[in-house]
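Numbering (full-length UniProt numbering), first residue to last: 1 to 339.
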């Protein structure tokens with residue numbers, strides 16, 4: 001198989017064998033560089049896994065990339081979206097407009113899109129600001145995080161469920177529900193080729209962001225969901241992984257176990273941090289004391305918001321396990337070790 005482990009600037013559309021092609025679609029202004037969109041050949045036309053960010057440059061990259069491997073975007077018969085984030089779902093609507101393709105996504109993320117469409121932008125920002133205030137964020141961080149306008153994806157035509165076979169004549173592509181990164185994230189098992197399209201669930205070098213789900217409820221545990229989903233993928237065995245970012249790699253099971261161990265270490269770090277704190281801490285205070293890839297004070301306000309989301313998810317899991325408890329149900333909420 002041709003390796004895709006190359007710098008972002010050198011990525012090109014590639015035939016990766018078995019009737020599957022990869023097309024890198026740029027994400028403007030994002031250090032990830034691109035989303036790897038996969039085109040799967042079938043007897044009735046190509047089906048895409050993800051579609052890329054909704055931007056003119058990204059559209060040209062997708063259209064021209066498909067053309068370079070002998071496909072016409074107008075002949076695409078379907079788009080299976082691994083999750084609702086804009087670097088995956090953004091161009092699905094335009095593909096549908098060009099080709100009449102169906103769009104499929106897990107029912108949990110479809111429900112989120114419907115919720116997003118029911119809010120005005122100002123309402124969304126106020127809800128987001130409320131979550132940040134509850135975490136203990138300051139005014140600067142709240143303004144930075146809420147300033148970004150949210151892209152709302154096209155509403156899918158089909159809702160997927162765990163175990164569903166995708167309508168792909170001549171192939172066996174099965175839905176594997178892997179909540180965590182989003183409530184409705186899915187991987188896609190190409191059973192006739194021992195391959196797994198992993199979306200953002202399992203990546204070769206980095207770990208996906210696990211924060212609090214949009215329109216959060218206190219009774220959900222995103223990191224707990226994610227850890228269970230990692231075990232689910234590991235149980236599928238040594239499959240070839242076709243991720244949405246970075247590069248193709250071997251043995252999804254081994255990588256899933258490494259990522260799970262990383263989060264267990266983070267959970268232990270947070271439990272120890274709270275035990276040593278001498279008193280209850282807000283989510284923001286916990287995030288500021290955690291280990292990141294650079295000092296907390298050097299993180300831009302937007303990244304501090306994402307880091308606080310990661311801290312909140314880990315605290316939620318520790319709370320679900322009975323290792324810590326909330327001390328106040330007012331803003332900002334605080335956590336301490338259970339005694």
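Glycine included, C-beta positions come from ideal geometry on N, C-alpha and C.
Since this is a predicted model, take the numbers as computed values, not measurements.
Comparing alpha-carbon positions, the option among 311, 226, 240, 253 lying closest to residue 274 turns out to be 311. Taken in chain order, no unbroken stretch of beta strand (DSSP E) lies wholly in the region 277 to 301 with a span of 3 residues or more.
Sorting 173, 142, 121 by C-alpha distance to the C-alpha of residue 149 places 121 at the top. For secondary structure counted as the beta strand (DSSP E) over 3 or more consecutive residues, the region 199 to 241 holds no complete run. DSSP places residue 175 within a strand segment (E or B) once states are collapsed to three. Here residue 81 carries a coil assignment [DSSP, helix/strand/coil]. Excluding five sequence positions before and after residue 119, the CB atoms of its chain that fall closer than 8 Å to its own CB belong to 127, given in chain order.
Excluding sequence positions up to five before and after residue 190, its CB lies within less than 6 Å of the CB of 173, all in the same chain and listed in chain order. Collapsing the DSSP output to three states places residue 37 in a strand. Residue 156 is classed as buried because its beta carbon has at least 16 other beta carbons within 10 Å across all chains shown. Using a Cβ-Cβ distance cut-off of 8 Å, the region 136 to 145 and the region 99 to 118 are not in contact, since fewer than three pairs of beta carbons, one from each stretch, lie closer than that value. Looking at the DSSP output, residue 22 sits in a beta bridge with 14, 38.
The beta-bridge partner set that DSSP reports for residue 106 consists of 160.
Straight-line spacing of the CA atoms in residue 168 and residue 176 works out to 16 Å. For residue 16 and residue 41, the gap between their C-alpha atoms comes out near 12 Å.
Residue 248 and residue 206 have their C-alpha atoms roughly 13 Å apart. Here residue 55 has 28 as same chain residues with Cβ atoms under 6 Å from its own Cβ, once five neighbours each way along the sequence are excluded.
Residue 146: not part of any beta strand (DSSP E); member of the alpha helix (DSSP H) spanning 139 to 146, first to last residue. Here the alpha carbon of residue 59 sits roughly 41 Å from the alpha carbon of residue 285. Straight through space, the alpha carbons of residue 68 and residue 51 are spaced by roughly 16 Å. Going by C-alpha positions, residue 142 is about 8 Å away from residue 133.
As far as DSSP is concerned, residue 149 takes part in no beta bridge.
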